[in-house]
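Residue numbers (the numbering used here): -9 to 405.
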Ligand code: HEM
């Protein structure tokens, strides 16, 4: 995914940071600090205040804007002519991938990668995912308490994407640290140490992929790495850097987000037992339930753009060069778009959520993520007659990729 604004190389110093926040409060009566623990733990109260007081908010910290209304976020994400996905003007080329680029390069690269995500290709994975879900639950069978994230929501998507790419199963353990490290790069504000941690993990992962690419060049297999190498070798279609960055993007995008959907979705159900009962009694609601989990607690909370042409949004003028943070999580709770937005309603009909983005960068893996989540929720409810939180889940200290790091549950097996 993408480093949204300041990279570690341009980290903001603490004094400067406080001064910028104070100026922002003076100008707007409210300020946005994406590093605040309160916002990272639960952003929705803050989003509500921001949407009411200053929906197109001038952020001094990000030298840009924070948008919290559904209509505005939707319009900016659709407008790839005025808003670029190259959020950093001088982004390190080693990090540039599909999600960071604009047409025509984006069109070429997306055309290549999307072949792996056709409805038929995704449908072919169904049996494999069902088998994997059962195996993961078998591994904790006999345990009355386990960490739903570590044992289930984490290993499922990473195993699926690694298999699609063609990464050997025995190497998966090495991926967790790399993937976590790189996922941090999407945060709007980073310390220098965090930046170095990201770089280290990125280098390690790319070194690993380099080795696999060399092996696959010699012995191609029926996997995505081999398919992308074939495209690279056919000529100008894909450069080696693009190949490496695409693999990194798919690993991180396919893993961090779906884990959050399964983790946060299960927690939402556990906190709303009446909705859990409803889903057990009406399994036909699974489709709308997964859409509602995506809306209610969006796995990707912010989606960044850089303005290319001056544009008016909600009466404010956004200028070229400025960053726009589209708060998907806030837009998904906008009462103008969703009646009673803070209520979890797994039968909600009107669920045109923005969680997979909009426009030309709309998530390529959306059908895969939804399929994984549906299989996962159905299996959990089938296998356990009772699931309860054993303790308060630990939410990740991040503002963009939102989800639980740990969630211990007490379970009773269905007879
Ligand atoms: C619940 C799970 C997921 C969520 C919430 C999610 C969210 C998103 C969002 C918001 C974007 C748009 C970014 C933008 O506008 O710049 C995106 C793009 C993307 N996602 Fe996902 N994603 C999920 C799962 C996946 C999976 C499973 C894969 C692949 C295995 C994947 C691959 C991608 C790719 C390749 C892009 C870039 C598309 C482009 O730039 O054209 N995602 N995702």
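Cβ coordinates follow ideal geometry from the N, Cα and C atoms, glycine included. Please read all numbers here as calculations on a predicted model, not as lab measurements.
CB contact flag (residue i, residue j, <8 Å)
i: residue 383; j: residue 402; result: no
i: residue 227; j: residue 102; result: yes
i: residue 295; j: residue 130; result: no
i: residue 242; j: residue 173; result: yes
i: residue 275; j: residue 267; result: no
i: residue 46; j: residue 62; result: yes
i: residue 318; j: residue 96; result: no
i: residue 369; j: residue 123; result: yes
i: residue 365; j: residue 120; result: yes
i: residue 211; j: residue 156; result: yes
i: residue 344; j: residue 107; result: no
i: residue 143; j: residue 168; result: no
i: residue 348; j: residue 100; result: no
i: residue 270; j: residue 371; result: yes
Residue i versus residue j - alpha carbon distance
i: residue 232; j: residue 390; result: 24 Å
i: residue 224; j: residue 76; result: 27 Å
i: residue 338; j: residue 153; result: 34 Å
i: residue 419; j: residue 176; result: It is not possible to answer for residue 419, since the shown part of the chain is limited to -9 through 405.
i: residue 81; j: residue 363; result: For residue 81, the pLDDT reaches just 48, beneath the cut-off of 50, and the residue's location in the model is therefore unreliable, although a value from the coordinates is still provided. One C-alpha to the other measures close to 33 Å.
i: residue 28; j: residue 179; result: 16 Å
i: residue 158; j: residue 112; result: 20 Å
i: residue 114; j: residue 166; result: 26 Å
i: residue 373; j: residue 308; result: 52 Å
i: residue 238; j: residue 87; result: 9 Å
i: residue 234; j: residue 264; result: 46 Å
i: residue -7; j: residue 381; result: At residue -7, the pLDDT of 42 sits below 50, so the modelled position is not reliable; the number obtained from the coordinates is stated separately. If you take the alpha carbons of residue -7 and residue 381, they lie about 33 Å apart.
i: residue 355; j: residue 118; result: 17 Å
i: residue 304; j: residue 104; result: 34 Å
i: residue 39; j: residue 207; result: 54 Å
i: residue 360; j: residue 109; result: 12 Å
i: residue 336; j: residue 98; result: 38 Å
i: residue 306; j: residue 48; result: 9 Å
i: residue 198; j: residue 192; result: 10 Å
i: residue 385; j: residue 16; result: 31 Å
i: residue -3; j: residue 302; result: The predicted position of residue -3 is uncertain, since its pLDDT is 43 and thus under 50; no value can be drawn from it.
Buried versus exposed, by CB contacts within 10 Å (16 or more), residue i
i: residue 71; result: exposed
i: residue 405; result: exposed
i: residue 229; result: exposed
i: residue 12; result: exposed
i: residue 37; result: buried
i: residue 342; result: exposed
i: residue 408; result: The requested residue 408 is not part of the displayed model; the chain covers only -9 to 405.
i: residue 394; result: buried
i: residue 236; result: buried
i: residue 185; result: buried
i: residue 221; result: buried
i: residue 147; result: buried
i: residue 399; result: buried
i: residue 90; result: buried
i: residue 340; result: exposed
i: residue 331; result: buried
i: residue 164; result: exposed
i: residue 187; result: buried
i: residue 289; result: buried
i: residue 182; result: exposed
i: residue 128; result: exposed
i: residue 292; result: buried
i: residue 277; result: exposed
i: residue 116; result: exposed
Beta-carbon contacts of residue i that lie in its chain and below 8 Å, excluding the five residues immediately before and after
i: residue 298; result: 71, 72, 73, 74, 310
i: residue 190; result: 171
i: residue 44; result: 18, 19, 20
i: residue 3; result: none
Residues near residue i in its chain [Cβ-Cβ closer than 7 Å; skip 5 each side]
i: residue 286; result: 258, 334
i: residue 151; result: 240, 241, 244, 245
i: residue 346; result: 352, 353, 356
i: residue 145; result: 126
i: residue 41; result: 58, 59, 320, 324
i: residue 162; result: 148, 149, 152
i: residue 92; result: 70, 74, 75, 76
Neighbourhood of residue i by C-beta, 6 Å cutoff - its chain only, sequence neighbours within 5 removed
i: residue 376; result: 402
i: residue 387; result: 30
i: residue 204; result: none
i: residue 51; result: 10
Interface flag, residue i vs chain D, CB-CB below 8 Å
i: residue 220; result: Going by chain labels, chain D is absent from the structure shown, which holds only one protein chain.
Does the pairing of the region 213 to 223 with the region 129 to 145 give three or more beta-carbon distances under 8 Å?
no
Sufficient close CB pairs (3 or more, under 8 Å) joining the region 270 to 282 to the region 14 to 25:
no
Per the contact definition of three or more C-beta pairs closer than 8 Å, is the region 314 to 334 in contact with the region 239 to 256?
No contact exists between the region 239 to 256 and the region 314 to 334.
The region 48 to 55 contacting the region 300 to 314, beta-carbon criterion three pairs below 8 Å
Yes, the region 48 to 55 touches the region 300 to 314.
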